[in-house]
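Reading through the structure tokens given below for one structure.
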Amino acid sequence: MAIVTGTGHRWRVVAAHAALLAFCALILFPLFMIVSISLRPGNFATGDIIPTDVSLEHWKLALGIPYQAADGSLVEPPFPVLRWLWNSAKIAGLSALSIVVISTTAAYAFARMQFRFKSPILTSMLLLQMFPPVLALVAIFAIFEGIGTYVPALGVETHAGVILAYTGGIALHIWTIRGYFQTIPVEIEECAKVDGASHFQAFRYVLLPMAVPILMVVFVLAFIGGIIEYPIASILLRQVDQLTLAVGSRYFLYEQKYLWGDFAAAAVLSGVPITVVFLLSQRWMISGLTAGGVKG
Amino acid sequence: MPRTLRHALKWIAAGAVALVLLYLVWTIYAAGQALLALACLAGFSAGVYVYIARGAYTWRYLFPGIAGMLVFVVFPLLYTVRIGFTNYSSRNLLSFERATRYLLEETAPGEGKRYAFTLHAEGNEFRLVFRPEQDQEEEGAAGAEPAGKPAPVLVTPSLALLEASPPSVVEALPLGQGSFEPKDPLPMKEIIRHRDVLGRIKVRFPDGTLGTMTGLREFAPVQPLFAKNPDGTLTNQKTGEVLTPDREAGFYVTRSGEQVRPGFKVDIGFGNYMRMVTDPEFRGPFVAIFLWTVVFAGLTVLFTLCVGTTLAVVLNWEAIRFRTVYRTLVFLPYAVPGFISILVFRGLFNQSFGEINTILEHLFGLKPAWFADPFLAKSMILIVNTWLGYPYIMVLCTGLIKAIPAEVYEASAIVGAGPLTNFFKITAPLIVKPLTPLLISSFAFNFNNFVLIALLTGGRPDFLNTRVPAGTTDILVSYTYRIAFQDSGQQFGLAAAISTVIFVLVAILSTINLRLTKASAPDAR
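If you read the sequences in order, they're chains L and W.
Start counting the first sequence at 1; every next residue gets the next number (my numbering).
Start counting the second sequence at 1001; every next residue gets the next number (my numbering).
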């Protein structure tokens, strides 16, 4: 790049480093803070950024273990955090699985088959993505109340209902998988068909194994989407035991019952795995999207 | 597997699925929802047809996805628009038929025999046993009498009292026909435990009178409060008052114009929209919220753009070492799940216990009321949203800057241009065009950034003196959520009408975006 370096160059590099370090400190301050808060005793105490006396009481409560307070009384965990985490993982995992299955088959049809209204459907799917489900919450609530009247297992207050609601949001995933399928030459499947494979066999045994990276990417994206989804879960789930983490976490910070330390431990406990999965998936995203059926 | 066997299995499976689905449609139809049953029938038959017919092979791949999107994405949007033209709310919750039925089921004390009752367990279910009450109550209701008394002892069929909805009218039959031997009655505390369910049960006695529980020991006859007239009005049997259905307001009204609950759902045309425009008490906060929504989305895009682009440019400078480390660190806010970081900020900004105020107090002696002062609350929202949003813009910009050929910068270095000149004369003009549609998407996303507002401030602090509670930091979506799900009114119709307004705005934004995307990338797939 720039071959000519001015006299101010070195100072500019130093200044840039200083600015970047200051910026990082500012940005990461809340994240450091929350770890430190989760380790200090009490829910109200304000202390130093690096806690002087470390207490594991909040972590015990977050893990569902009752804790013996200093005055001898037994403190019960305020909320079933691990249960919420499990609910979230279950809902997100199952919905991500069904999203991958449904959108893979649909993407196959969009990438390889000819049918009427193909491009209008594709365009309208892209447009639909602009209308988030939070705008139609009233209708979604009414729909699930209606479903619940006839099929109680899929109604309001059920995890199956939430999973069903998430399964509708597949438009973008269909686009992603379709784009990947199009990078794989159709000739490979045609060879399989010449050898006597049916349409479905060509899809199942030839195309799918080559598309595993993109399926992983879509699964992770859908999984994270399910974990962090708040609006739909907040109207469909109300009972404390049934909540997902995203809906339950806010119960820690009510004005009347302000459990700052307990919240911090629960947030770190649940936030770290999700963050790690997300960071790893970013790596995969790049390798998954660039790796195709044709190498070299 | 032989071909014929597979064929047979396929048809058997298809038949079984079809039968289950038909049964479901039948139950819906039997519940009086003819239109819904028809829609389900159409959907189910399309599904079965696709998986049986040879001609619809392509649709086997498409059906689940398209059906899922139609039912859970497209239909809710259309249904929302539909609800926007009704008065659907917690006051007008039922359909006209159900509201009428509700009123016709209302009862008043009537003439006839009173019965003492006892509760008997039978497995997991229960039976009620009735004995006619004597004029003097010397017998006592709970006493176990011999069954052979002259007055017939009546018994109901088994009832599962723990269920949420028992059958509302049950027949009481003379004991011999029930083939049930009443043993010891359950103690009073069991009756008290099931009091609520028992109170909803109506018993039809052999002489045709209806009875309800009037005390913990007795059922007394009741009669319907209202009788239906041929012209659709209802007559109160006790007072003789006539109720006329008002199909404009969604209520039965008395002669004097008094509304009788429950109300029912009716179309009110553009009533909800008129309210947004004409009702001054509603319009004030609505306009303020709309403006704040635009300002919020616009400033968020501006701030994230400034921070994100600056970082992208600096981190693209090859003279800086450890760029990967920096990149990962500044990317972290995007990787932490939003609902966690928003709640973390909610705690950090807390006025009395929050760490941010502790630091500000130590340094400057300030203790800003982040959640009580509208301006500070808005500033806080923008700070938090910038924190959440800049990494996305940074990633986008980094990709776009990498695509600029290095020769351009070499040429500018030769003429002695500084970094600022480079940025404003080369980098910015080259990335602005592909970036614009993405910024519009970002604007549209933040326009509907419900999670941030709901979790950070919940819309508070509220405007004073408004009939429909409205917050100074509410954006349109969080406002509709409050109208529909939080405040006592549950005005679904009004909320749906506001949602429809948002649809139109989003549709306009998307159209602009689609134009720009096509203009900037004509060869895009």
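Quick reminder that beta carbons are idealized off the backbone N, C-alpha and C, glycines included.
Treat the numbers as computed from the prediction; the structure is a model and nothing was measured.
Residue i, DSSP secondary structure in three states
i: residue 1093 of chain W; result: coil
i: residue 1366 of chain W; result: coil
i: residue 250 of chain L; result: helix
i: residue 113 of chain L; result: coil
i: residue 1127 of chain W; result: strand
i: residue 40 of chain L; result: coil
i: residue 1136 of chain W; result: Because the pLDDT of residue 1136 of chain W is 44, which lies under 50, any placement of that residue in the model is unreliable, and the number read from its coordinates should be weighed accordingly. Residue 1136 of chain W: coil per DSSP, three-state reduction.
i: residue 1229 of chain W; result: coil
i: residue 1244 of chain W; result: strand
i: residue 1142 of chain W; result: Because the pLDDT of residue 1142 of chain W is 42, which lies under 50, any placement of that residue in the model is unreliable, and the number read from its coordinates should be weighed accordingly. Coil at residue 1142 of chain W, not helix or strand.
i: residue 1 of chain L; result: Any reading at residue 1 of chain L must be qualified, since the residue scores a pLDDT of 46, below 50, and its modelled position is unreliable; the value itself is stated next. Three-state DSSP puts residue 1 of chain L in coil, outside helix and strand.
i: residue 1403 of chain W; result: coil
i: residue 75 of chain L; result: strand
i: residue 151 of chain L; result: coil
i: residue 1518 of chain W; result: helix
i: residue 20 of chain L; result: helix
i: residue 261 of chain L; result: helix
Partners in chain L for residue i, counting only beta-carbon separations shorter than 8 Å
i: residue 1097 of chain W; result: Going along chain L, no residue has its Cβ under 8 Å from residue 1097 of chain W, so there is no contact; the nearest lies around 15 Å.
i: residue 1326 of chain W; result: 20, 24
i: residue 1065 of chain W; result: 102, 103, 105, 106, 170, 174
Neighbour list for residue i in chain W, Cβ cutoff strictly below 7 Å
i: residue 226 of chain L; result: The premise fails here: residue 226 of chain L is roughly 11 Å from chain W at the closest Cβ pair, so nothing lies under 7 Å.
i: residue 180 of chain L; result: Chain W residues near residue 180 of chain L: none, gap ~12 Å exceeds 7 Å.
i: residue 108 of chain L; result: 1061
i: residue 165 of chain L; result: 1072
Proximal residues of chain W, C-beta to C-beta of residue i below 9 Å
i: residue 216 of chain L; result: The contacting residues do not exist; residue 216 of chain L stays about 18 Å from chain W at best.
i: residue 59 of chain L; result: Those do not exist, as residue 59 of chain L stays about 16 Å from chain W at its closest Cβ, beyond 9 Å.
i: residue 231 of chain L; result: 1450, 1451, 1454, 1477, 1481
i: residue 210 of chain L; result: Neighbours of residue 210 of chain L on chain W: none; closest Cβ ~17 Å, over 9 Å.
i: residue 128 of chain L; result: 1069, 1073, 1074, 1077
Within 9 Å, strictly: CB atoms of residue i and residue j
i: residue 232 of chain L; j: residue 138 of chain L; result: no
i: residue 166 of chain L; j: residue 99 of chain L; result: yes
i: residue 1526 of chain W; j: residue 170 of chain L; result: Residue 1526 of chain W lies beyond the residue range present for chain W, which begins at 1001 and ends at 1525; the question has no answer from this structure.
i: residue 1218 of chain W; j: residue 1116 of chain W; result: yes
i: residue 1372 of chain W; j: residue 1461 of chain W; result: yes
i: residue 1468 of chain W; j: residue 1499 of chain W; result: no
i: residue 1255 of chain W; j: residue 1242 of chain W; result: yes
i: residue 1214 of chain W; j: residue 1226 of chain W; result: no
i: residue 1272 of chain W; j: residue 1497 of chain W; result: yes
i: residue 1263 of chain W; j: residue 1093 of chain W; result: yes
i: residue 1527 of chain W; j: residue 1244 of chain W; result: Examination of residue 1527 of chain W is not possible in this model, given that chain W is present from 1001 through 1525 alone.
i: residue 1205 of chain W; j: residue 1130 of chain W; result: yes
Beta-carbon separation (whole angstroms), residue i vs residue j, contact threshold 8 Å
i: residue 27 of chain L; j: residue 1333 of chain W; result: 6 Å
i: residue 157 of chain L; j: residue 279 of chain L; result: Not confirmed; about 34 Å, so no contact.
i: residue 1423 of chain W; j: residue 1313 of chain W; result: 6 Å
i: residue 1389 of chain W; j: residue 1300 of chain W; result: 6 Å
i: residue 1356 of chain W; j: residue 1400 of chain W; result: Residue 1356 of chain W to residue 1400 of chain W, Cβ: 34 Å. No contact.
i: residue 1394 of chain W; j: residue 1308 of chain W; result: 4 Å
Contact test: residue i Cβ vs the ligand ZN heavy atom, cutoff 8 Å
i: residue 1340 of chain W; result: Inclusion of the ligand ZN in the displayed structure is not the case, the ligand content being empty and no account of it being possible.
Chain W contact for residue i (CB, 9 Å cutoff)
i: residue 132 of chain L; result: yes
i: residue 17 of chain L; result: yes
i: residue 278 of chain L; result: yes
i: residue 115 of chain L; result: yes
i: residue 146 of chain L; result: yes
Chain L within 9 Å of residue i, Cβ atoms only
i: residue 1003 of chain W; result: no
i: residue 1381 of chain W; result: no
i: residue 1226 of chain W; result: no
i: residue 1145 of chain W; result: Its pLDDT being 44, under 50, residue 1145 of chain W is placed unreliably by the model, and nothing is read from it.
i: residue 1512 of chain W; result: no
i: residue 1350 of chain W; result: yes
i: residue 1509 of chain W; result: yes
i: residue 1346 of chain W; result: yes
i: residue 1353 of chain W; result: yes
i: residue 1292 of chain W; result: no
i: residue 1369 of chain W; result: no
i: residue 1337 of chain W; result: yes
i: residue 1314 of chain W; result: yes
i: residue 1083 of chain W; result: yes
i: residue 1340 of chain W; result: yes
Listed by chain order, chain L residues near residue i by CB distance under 7 Å
i: residue 1068 of chain W; result: 102, 167, 168, 170
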